[in-house]
Amino acid sequence: MESSPQIQPKPNYDQLACHECDLLVELSQFQEGSKACCPRCGYMLTAKHINAYQRVVAFSFSSLIFLFLSFLFPFLTFSAQGQERAVTLIQSISVMVDEGYISLAVVLFFVTVAFPLAYLLSIFYSYLSLSLVRPLRGTQSSLKLIGFLKHWSMAEIFLIGILVSFIKIASLAEVELGLSFWSFVLFILSMSAAIVHTDQHQAWSTLKQRLGFRGKRHSINLEHLGCHVCLTINEKDKGRCVSCDSVLHKRNKNSIQTTWALLITSIILYLPANFLPIMRTNFLGEETANTILGGVIVLWQHGSYPIALIIFIASVLVPVGKIVALGLLCLTAQGTTKTSKYQKAKLYRWTELVGRWSMVDVFVVAILVALIKLGNIMSIYPGAGALAFALMVIVTVLAAISFDPRLIWDEESE
Ligand SMILES: [Zn+2]
Ligand SMILES: [Zn+2]
Numbered sequence: 017m018e019s020s021p022q023i024q025p026k027p028n029y030d031q032l033a034c035h036e037c038d039l040l041v042e043l044s045q046f047q048e049g050s051k052a053c054c055p056r057c058g059y060m061l062t063a064k065h066i067n068a069y070q071r072v073v074a075f076s077f078s079s080l081i082f083l084f085l086s087f088l089f090p091f092l093t094f095s096a097q098g099q100e101r102a103v104t105l106i107q108s109i110s111v112m113v114d115e116g117y118i119s120l121a122v123v124l125f126f127v128t129v130a131f132p133l134a135y136l137l138s139i140f141y142s143y144l145s146l147s148l149v150r151p152l153r154g155t156q157s158s159l160k161l162i163g164f165l166k167h168w169s170m171a172e173i174f175l176i177g178i179l180v181s182f183i184k185i186a187s188l189a190e191v192e193l194g195l196s197f198w199s200f201v202l203f204i205l206s207m208s209a210a211i212v213h214t215d216q217h218q219a220w221s222t223l224k225q226r227l228g229f230r231g232k233r234h235s236i237n238l239e240h241l242g243c244h245v246c247l248t249i250n251e252k253d254k255g256r257c258v259s260c261d262s263v264l265h266k267r268n269k270n271s272i273q274t275t276w277a278l279l280i281t282s283i284i285l286y287l288p289a290n291f292l293p294i295m296r297t298n299f300l301g302e303e304t305a306n307t308i309l310g311g312v313i314v315l316w317q318h319g320s321y322p323i324a325l326i327i328f329i330a331s332v333l334v335p336v337g338k339i340v341a342l343g344l345l346c347l348t349a350q351g352t353t354k355t356s357k358y359q360k361a362k363l364y365r366w367t368e369l370v371g372r373w374s375m376v377d378v379f380v381v382a383i384l385v386a387l388i389k390l391g392n393i394m395s396i397y398p399g400a401g402a403l404a405f406a407l408m409v410i411v412t413v414l415a416a417i418s419f420d421p422r423l424i425w426d427e428e429s430e
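In our numbering, the protein residues as written are 17 to 430.
Structure follows, in structure tokens:
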């Protein structure tokens with residue numbers, strides 16, 4: 017006969033290592049509905065939301081349904097000179113294959129469909145499992161997957177891309193937002209509601225408790241290794257985390273060198289991304305090629321100031337700002353210039369948060385290429401700059417991930 021799982025009573029204290037500065041923090045009497053920030057670097061350590069697991073399950077489930085529905089109908093319908101064309105989510109990707117831009121299609125497929133779907137499924141599965149008395153198989157792996165996929169799911173950026181495309185062509189022809197667009201909006205809203213209620217540390221400690229894992233209370237000045245995945249504190253000679261079995265490392269291996277290499281790669285990609293056309297337009301037999309900056313100037317001249325600004329900020333300012341900020345962090349982490357540690361930590365969080373949004377113009381190109389196909393009357397084709405640009409965004413996201421923010425605080429703790 018199977019014995020029922022031994023549920024440990026929750027201890028009245030909670031110890032964790034800050035994800036960004038590695039400070040050992042003890043929280044006592046941590047109430048539902050409250051959150052805790054790191055006293056040293058200000059990073060939000062953990063939040064205990066009210067009814068978190070039920071809410072996450074409900075929101076992620078409804079989000080999955082809305083995502084499914086958004087595959088079925090057209091996103092945008094476009095008509096000009098008596099011709100009409102509707103485009104679905106899948107078409108905006110498959111058109112790239114027809115145009116011969118297979119690598120761009122692969123990137124688009126992963127960041128707008130595969131990763132958001134996998135992200136949602138792992139959130140749904142993990143939190144469903146955590147709301148049961150006996151956790152389901154594979155809960156550990158699905159919790160780890162959430163941490164990885166959060167950087168690569170770009171569905172909300174795709175939504176902004178649809179809106180920008182809509183406004184861009186509204187002046188040229190009649191465009192209508194289709195049923196799938198509204199379903200996609202609901203998908204993004206429920207997905208964001210689910211994500212807001214998730215918390216890495218709370219999820220792992222619930223899992224540990226369900227599995228009967230008994231943690232040790234550490235003395236607060238002990239030399240420790242904070243697990244990067246579940247924030248559990250491990251003794252310094254441990255190779256793998258006692259609670260989630262992830263490989264422990266004091267700092268990311270060769271963090272600064274890797275970040276530099278990725279930054280240099282992204283600077284190299286930045287050149288073709290900006291000098292090669294991002295798309296080509298054929299209007300009544302006449303072909304014009306647009307670079308990113310050229311597109312911004314045309315929009316500005318036509319009086320579409322908000323869209324011109326969005327594209328300029330997302331495609332020009334953000335990537336340059338991100339590359340400069342990460343370069344600065346690499347330099348100052350090695351201790352050659354002085355900037356306050358707290359500001360550096362904030363700068364790092366900013367680069368992590370905004371970097372992905374540069375992808376918006378690539379999505380706009382994908383949507384326009386799929387939608388505007390009226391032969392010689394008006395057609396839009398992708399340009400080589402779009403692929404270079406998408407790769408540049410991916411490389412800068414990797415650069416932000418490879419930088420270890422704990423390096424900023426190292427001198428202090430030594
Ligand atoms: Zn901290
Ligand atoms: Zn761990």
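Ideal Cβ placement from N, Cα and C applies to all residues, glycine included. None of these values were measured; they are calculated from a predicted model.
Here the residues close to ligand 2, judged by CB distance below 6 angstroms to any of its heavy atoms, are 243, 245, 246, 248, 257, 259, 260 and 262 in chain order. Straight-line spacing of the CA atoms in residue 264 and residue 80 works out to 34 angstroms.
Annotated three-state conformation of residue 361 is helix, per DSSP. The alpha helix (DSSP H) runs of length 4 or more contained entirely in the region 150-223 are, from start to end of the chain, 155-165, 171-186 and 195-212. The C-beta of residue 219 has 16 or more other C-beta atoms within 10 Å across all chains shown, which makes the residue buried. Counting other Cβ atoms within 10 Å of its Cβ, residue 409 reaches 16 or more and is therefore classed as buried.
In terms of Cβ geometry, residue 289 and residue 379 do not form a close pair [threshold 7 angstroms].
In this chain, the alpha helix (DSSP H) harbouring residue 283 covers 271-291.
DSSP, reduced to helix, strand and coil, places residue 140 within a helical segment of the structure shown. Taking C-beta separations shorter than 7 angstroms and ignoring five residues to either side along the sequence, the partners of residue 357 in its chain run 424 and 425, following chain order. The C-beta distance from residue 191 to residue 93 rounds to 7 angstroms, short enough to meet the 8 angstroms contact threshold.
Shown in chain order are the residues whose CB sits closer than 6 angstroms to a heavy atom of ligand 1: 34, 36, 37, 39, 54, 56, 57 and 59.
By the CB criterion at 7 angstroms, residue 196 and residue 382 fall outside the cutoff. Here residue 31 is near residue 42, since their CB atoms are less than 7 angstroms apart.
Per DSSP, the beta bridge partners of residue 30 are 43. Per DSSP, residue 305 is not a residue of any alpha helix (DSSP H); the beta strand (DSSP E) it occupies stretches across 302-306. Counting every other CB atom within 10 Å of its CB across the protein chains shown gives residue 239 a total below 16, marking it as exposed. If you draw a straight line from the Cα of residue 416 to the Cα of residue 205, it is about 26 angstroms long.
Contiguous alpha helix (DSSP H) elements confined to the region 340-420 occur at 357-370, 376-387 and 400-418, taking only those with 4 or more residues. Counting C-beta pairs with one atom in each stretch, the region 128-135 and the region 163-178 have three or more that are closer than 8 angstroms, which means they touch. Counted as a single uninterrupted DSSP element, the stretch harbouring residue 72 is not any beta strand (DSSP E) but the alpha helix (DSSP H) occupying residues 68-86.
Residue 295 is bridged by DSSP to 306 and 398.
Beta-bridge partners assigned by DSSP to residue 96: 99. For the set 368, 375 and 372, the Cα lying nearest the Cα of residue 59 is the one of 368. Under the Cβ criterion (8 angstroms, minimum of three pairs), the region 391-399 counts as touching the region 296-307.
Minimum Cα-Cα distance from residue 331 among the listed residues 84, 217 and 291 corresponds to 291. The C-beta separation of residue 96 from residue 189 comes to about 4 angstroms, placing the pair in contact by the 8 angstroms criterion. For the 7 angstroms CB-CB criterion, residue 422 and residue 226 do not form a contact.
Our two residues, residue 71 and residue 387, have alpha carbons roughly 37 angstroms apart in a direct line.
A residue is called buried when at least 16 other Cβ atoms come within 10 angstroms of its Cβ; residue 87 does not meet this threshold and is exposed.
Per the DSSP secondary-structure output, residue 242 pairs in a beta bridge with 249. Only residues of its own chain outside the window of five on either side were considered, and among them 200, 201 and 204 have a CB closer than 8 angstroms to the CB of residue 175, listed in chain order. Listed in chain order, the non-local C-beta contacts of residue 373 below 7 angstroms within the same chain comprise 173, 330 and 334, local neighbours out to five positions each way being set aside.
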